[in-house]
Amino acid sequence: MWYKSTDKLNPYVRDVILDFSKAFDLINHHLLLDKLQSYGLPAHILRWMTIFLLERAQRVKIGNEYSQSGHPNGGVPQGTLSGPKYFLVYINDLRTTVPLYKYVDDSTLFEICDRNDVSVIQESVDIASRWTEQNDMKLNSEKSKEIIISFAQDGNF
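Residues in the sequence shown are numbered from 582 upward in steps of one, following our numbering.
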C-alpha cells in the first residue's frame, strides 16, 4: 500500500511494526471464548473450543521421564492449525486510527503523510497499548520498530 504514496508530491510513510510478547502464551481463555461467542458460533462448537482450551492437559518429557500432567492457565497451543486462528480472533477487535495489518503475532500500522501533515500514528500506537492492557497482552518494545520511508530527494520529512 505504501508504494501508492510515490504518486504524491513529497510523501513519506511511517510504518510501525508491533510485536506481541509471548503472543500465543498470554491469551486469556475466558476473553477468547467471549470473543468467539460474539461471532455467533453454534453452542456445540463453542463447547468443543471450551473443552479444548480449558480442559487440555500437557506434560513435559525429558529423556525417558515425564512430568506430572498440568492444565495451562492461558494461551493457545503453538504448532497447531487452530493456534494462529485463535490469536487472530483474539486481536480482531483491536481498532486504530490508521490502517492496521495483522499477521499472526505481529501487527503493522502505517500512514502516508505529506511533509506538512501532522502524523497521527502515535495515537494508534497508544490505542494498541491500551488494548494490550485491557486484553492481558504485552507489546515487546525491543522488537516493535518504526520505519520511515521517504521518497524525497533531499531526505527531509
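The beta-carbon is built from N, C-alpha and C at its ideal position, and this holds for glycine as well.
Determine whether the beta carbon atoms of residue i and residue j lie at a separation below 8 Å.
{"i": "residue 671", "j": "residue 608", "result": "yes"}
{"i": "residue 631", "j": "residue 614", "result": "yes"}
{"i": "residue 668", "j": "residue 605", "result": "yes"}
Taking its Cβ as the centre, do 16 or more other Cβ atoms sit within 10 Å of residue i, making it buried, or is it exposed?
{"i": "residue 688", "result": "buried"}
{"i": "residue 595", "result": "buried"}
{"i": "residue 592", "result": "buried"}
{"i": "residue 720", "result": "buried"}
{"i": "residue 702", "result": "buried"}
{"i": "residue 690", "result": "buried"}
What's the gap between the Cα of residue i and the Cα of residue j?
{"i": "residue 692", "j": "residue 685", "result": "21 Å"}
{"i": "residue 629", "j": "residue 637", "result": "11 Å"}
{"i": "residue 656", "j": "residue 677", "result": "24 Å"}
{"i": "residue 674", "j": "residue 624", "result": "22 Å"}
Rounded C-beta distance between residue i and residue j? I'm assuming under 8 Å.
{"i": "residue 679", "j": "residue 648", "result": "Residue 679 to residue 648, Cβ: 45 Å. No contact."}
{"i": "residue 600", "j": "residue 724", "result": "4 Å"}
What does a CB cutoff of less than 7 Å around residue i pick up in its chain, not counting 5 residues either side in sequence?
{"i": "residue 712", "result": "675"}
{"i": "residue 644", "result": "none"}
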